[in-house]
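Number of protein chains: 2
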Amino acid sequence: MATATRSKAARGGIDLGGTKIQAVVVDGRNRVLGESRTATPTSGGPKDVADAMCDALLASAASAGIQAKDLRGVGVGSPGSADEETGVVASARNLPGWEGAYPLGARLTEALGTPVRIGNDVQVATDAEFSLGAGRDYKSVLGVFWGTGVGGGIILNGKPWLGRGSAGEIGHVVVKRGGRRCPCGRKGCMEAYAGRKAMEDRARKLVEKGEETQLFEIMEHRGDDRLKSGIWERALRHGDKMAEDLLDEAVKAIGTGVASCLNVLDVEAMILGGGLGLRFGEPFLKRIEKQAMKNLFTSDEDPPDFRMASLGDLGGAIGAALLVKNLKSG
Amino acid sequence: MATATRSKAARGGIDLGGTKIQAVVVDGRNRVLGESRTATPTSGGPKDVADAMCDALLASAASAGIQAKDLRGVGVGSPGSADEETGVVASARNLPGWEGAYPLGARLTEALGTPVRIGNDVQVATDAEFSLGAGRDYKSVLGVFWGTGVGGGIILNGKPWLGRGSAGEIGHVVVKRGGRRCPCGRKGCMEAYAGRKAMEDRARKLVEKGEETQLFEIMEHRGDDRLKSGIWERALRHGDKMAEDLLDEAVKAIGTGVASCLNVLDVEAMILGGGLGLRFGEPFLKRIEKQAMKNLFTSDEDPPDFRMASLGDLGGAIGAALLVKNLKSG
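As they're listed, the protein sequences go chains Y and C.
Here the first sequence is numbered in the working numbering, starting from 764 and rising by one per residue.
Here the second sequence is numbered in the working numbering, starting from 764 and rising by one per residue.
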């Protein structure tokens, strides 16, 4: 296939995370032609984040041998409150200086020279798994993204269910009334026990109380400033008791909260993704399923399927590229 | 309007509950022409229940001045697993001898001489509130029916969401992982704290432990054999501490569980009905709303509305009559 032909159908996708920015360029059949990843800036403001996003997209286009301006368009999966109509992103609290609203779509369109569309990060990742990944065989699924927080994406009868714009906030489904304080400020949320950030906060508190763990040694050894998923995995492999206990709590919280969600939605399958979800994979999925069965209304007769996300780390960016699938080629 | 004309559009509806059977006859505009209520048999089997349903429907038709055979049809809102296609009802565990499957639709059609359609009790009550009652102004609502158990009905974009057939089991959303045993056998369900049956079980246990309450005295004084909603209300009015405490736990469980449901669905409104919901009304709705706000993701900016069901005790039967609205007149 000639580059000229290929680039007409080629699209870009950017997954904007709290830790990293992942960019891809895909062809008309959603095959990855090039990809690039960079760390999310931890200081500065929205403009610095937008610049880093441009760099990642340009690098992924270069690796695909395509110029950014020749892409049909670029989709972005964004945290915070993303307005698909205007491309404005507000309240992205995991990103530096992004409490207010920033015209991310307009900024990227100008910088990249191609149309940019912004969507919700969890929803585009769910769409990708539904259209191309582990959800292909189903009509209705719940996507569970276990990472810094716990996000949920809902597909009902083949269409995203967004509610009034805030559907799928499964991280804030309660697993214990009056329980542990969540980073969101509420009590007893699933995320208060299972989110990477909440688990790190908890580990720091336990250390202050005098409990022992290798988690922070491993972190310092790696030159990191937060407990990334790989650090948790390493600590587990070393038999670190605190890591085991906190991950056990996380599994229980996710299993319980997901059971509640499934009792409400009764979809065909739940699909587990996210940084921690992908890192811990099938063995943890099995543990989550086992925990969920304790509270699943349909456990005896017809439980839903529990599946791992199959697009891996690139799922979010590939899903973002789906946002511009139906743009007319320029 | 002549009786002959009126009866062509008139329809019957039967709400089959664990405590009572409510029948109505409505006109083409869903106005109640006649109604009748009878106690649900506590012994015997499905045939006895079907006979009692016929009696109630015939009495409601008589009070409307219409013969049952002249009705366009009769709809039934049934507990258990109701198959709308075949009219077979299975696993209606709150009804006597109804563990297996029984062809309720066929039996009633034969006895009443008019077509009978069977639907799920909670779903028809939700449909009634959505079409004719407190949900008229919304496109997407969650119906919460607080009675013997806690049932949920979901309407999304104007259509019932049934999932694979078991959606809306909100009574089994977890409010406390590993918490109190629910009549369903699982632990920590909303219904374990809020269902009338679970509250009665709990009260009996507390009395066995030596705690005091007027609940059972009031029950015996009334000649009842279970703690119906009116007994709870009377005990509250007498300042009964146990009744206050158990209802307080129920409010907290419903508020917490409903918040979880709304965080997943993000619908425009929740509508509270059911025997206990209607009995305790607005003041308890306010308490439930206040509790829910503690865990609602959208509490700060755009919380959903909390509304009382407006069709009252007859809502279930009126909703059942909607099941035969589109039948051709015979």
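For every residue, glycine included, the Cβ atom is placed at its ideal position computed from N, Cα and C.
If distances are taken between C-alpha atoms only, which option among the options comes closest to residue i?
| i | options | result |
| --- | --- | --- |
| P878(Y) | G896(Y), V839(Y), V885(Y) and T911(Y) | V839(Y) |
| A891(Y) | G916(Y), D987(Y) and E1064(Y) | G916(Y) |
| I933(C) | W909(C), A1080(C), L1077(C) and F893(C) | W909(C) |
| M1005(Y) | A966(Y), I1017(Y) and R1042(Y) | A966(Y) |
| T976(C) | L1009(C), L1028(C) and G993(C) | L1009(C) |
| V788(C) | G781(C), R800(C) and G780(C) | R800(C) |
| T1061(Y) | G1002(C), G931(C) and F1060(C) | G931(C) |
| S823(C) | K783(C), V1087(C), A1032(C) and V795(C) | V795(C) |
| P1066(C) | M1033(C), D1076(C), L1090(C) and G1044(C) | M1033(C) |
| E980(Y) | D964(Y), K968(Y), K972(Y) and A998(Y) | A998(Y) |
| N1026(C) | D1011(C), E974(C), M1056(C) and L1085(C) | M1056(C) |
| A1013(C) | I1051(C), A874(C), E996(C) and G780(C) | I1051(C) |
| V841(Y) | G876(Y), V907(Y) and S854(Y) | The sequence as given places Ser at residue 841(Y); Val does not occur at that position. Checking every option, the nearest Cα to that of S841(Y) belongs to S854(Y). |
| L867(C) | G1037(C), E1064(C), D814(C) and G791(C) | D814(C) |
| T1069(Y) | D833(Y), G1044(Y) and G850(Y) | Note that residue 1069(Y) is Phe in the sequence shown, not Thr. Looking at the Cα atoms, G1044(Y) is the closest of the given residues. |
| P859(C) | D1011(C), L779(C), L1028(C) and A1080(C) | L779(C) |
| K991(C) | L925(C), K783(C) and I777(C) | K783(C) |
| G928(C) | H1001(Y), E996(Y), V1030(Y) and Q830(Y) | V1030(Y) |
| V885(Y) | N1089(Y), A1083(Y) and L1090(Y) | A1083(Y) |
Once the 5 residues before and after residue i are set aside, which same chain residues still bring their CB inside 6 Å of it?
| i | result |
| --- | --- |
| K902(Y) | N920 and G921 |
| G948(Y) | none |
| M953(C) | V913, G934, V936, V938, A1016 and G1020 |
| V851(Y) | A864 and P866 |
| A819(Y) | I784, A786, S799 and T801 |
Would DSSP call residue i helix, strand or coil?
| i | result |
| --- | --- |
| N706(Y) | Residue 706(Y) cannot be examined here, being either before or after the span of chain Y that is shown, 764 to 1093. |
| I994(Y) | helix |
| P842(C) | coil |
| E1064(C) | coil |
| M764(Y) | Confidence at M764(Y) is low in this model, with a pLDDT of 44, below 50, so its placement is unreliable and the value that follows should be read with caution. DSSP places M764(Y) in coil when its eight states are reduced to three. |
| T782(C) | coil |
| C817(C) | helix |
| L905(Y) | strand |
| S806(Y) | coil |
| R1042(C) | helix |
| T872(Y) | helix |
| G916(Y) | strand |
| E974(Y) | coil |
| R835(C) | coil |
| I829(Y) | coil |
| K950(C) | strand |
| S799(C) | strand |
| A855(C) | coil |
| R944(C) | strand |
| R1070(Y) | strand |
| R959(Y) | helix |
With respect to the alpha helix (DSSP H) encompassing residue i, which residues constitute its N-terminal and C-terminal limits?
| i | result |
| --- | --- |
| G1082(Y) | G1078 to L1085 |
| F979(Y) | L978 to R985 |
| R792(Y) | Per DSSP, R792(Y) belongs to no alpha helix (DSSP H) and is neither H nor E. |
| L895(C) | D884 to L895 |
| A773(C) | Where A773(C) is concerned, there is no enclosing alpha helix (DSSP H), given that its DSSP letter is neither H nor E. |
| R899(Y) | Where R899(Y) is concerned, there is no enclosing alpha helix (DSSP H), given that its DSSP letter is neither H nor E. |
Just curious, the beta strand (DSSP E) that residue i is in, first and last residue?
| i | result |
| --- | --- |
| I933(Y) | That residue, I933(Y), is in no beta strand (DSSP E); it is neither H nor E in DSSP. |
| L925(Y) | Neither: L925(Y) is in no beta strand (DSSP E) and is coded neither H nor E. |
| A1032(Y) | A1032 to G1036 |
| V851(C) | No beta strand (DSSP E) contains V851(C), which DSSP labels as neither H nor E. |
CB-CB under 7 Å to residue i, same chain, minus the five flanking residues each way: which ones, in chain order?
| i | result |
| --- | --- |
| A767(Y) | At A767(Y) the pLDDT is 47, less than 50, meaning the model places this residue with poor confidence and gives no usable figure here. |
| V1087(Y) | R774, R835, G836, V837, G838, P878 and R880 |
| G1078(Y) | A888, A891, E892, G896, G1036 and A1072 |
| R870(C) | A813 |
Going along the chain, which residues of its own chain have a beta-carbon closer than 8 Å to the beta-carbon of residue i, five neighbours each way excluded?
| i | result |
| --- | --- |
| R944(C) | K950 and A955 |
| T872(Y) | G850, P878 and V879 |
| T911(Y) | G780, G781, T782, N857, G958, R959, K960 and G1038 |
| E996(C) | R1042 and F1043 |
Name, going along the chain, the residues of the segment 907–933 of chain Y whose beta-carbon falls closer than 8 Å to a beta-carbon of chain C.
G915, I917, L919, W924, L925, G926, R927, G928, S929, A930, G931, E932 and I933
At a Cβ cut of 7 Å, what residues of the segment 1003–1025 of chain C count as close to chain Y, listed as they run along the chain?
K1015, T1019, A1022, S1023 and C1024
Can you give me, in chain order, the residues of the segment 1046–1063 of chain Y that have a beta carbon less than 8 Å from any beta carbon in chain C?
K1057, N1058, F1060 and T1061
When you check each C-beta in the segment 844–869 of chain C against every C-beta of chain Y, which residues fall closer than 7 Å?
none
So if I threshold CB-CB distances at 9 Å, which residues from the segment 960–990 of chain Y count as touching chain C?
none
Could you run through the segment 933–947 of chain C and flag, in chain order, every residue whose CB is less than 7 Å away from some CB of chain Y?
I933, H935, V936, V937, V938, K939 and R940
Taking a Cβ distance cut-off of 8 Å, strictly less, list which residues of the segment 875–908 of chain Y are near chain C, in chain order.
S903
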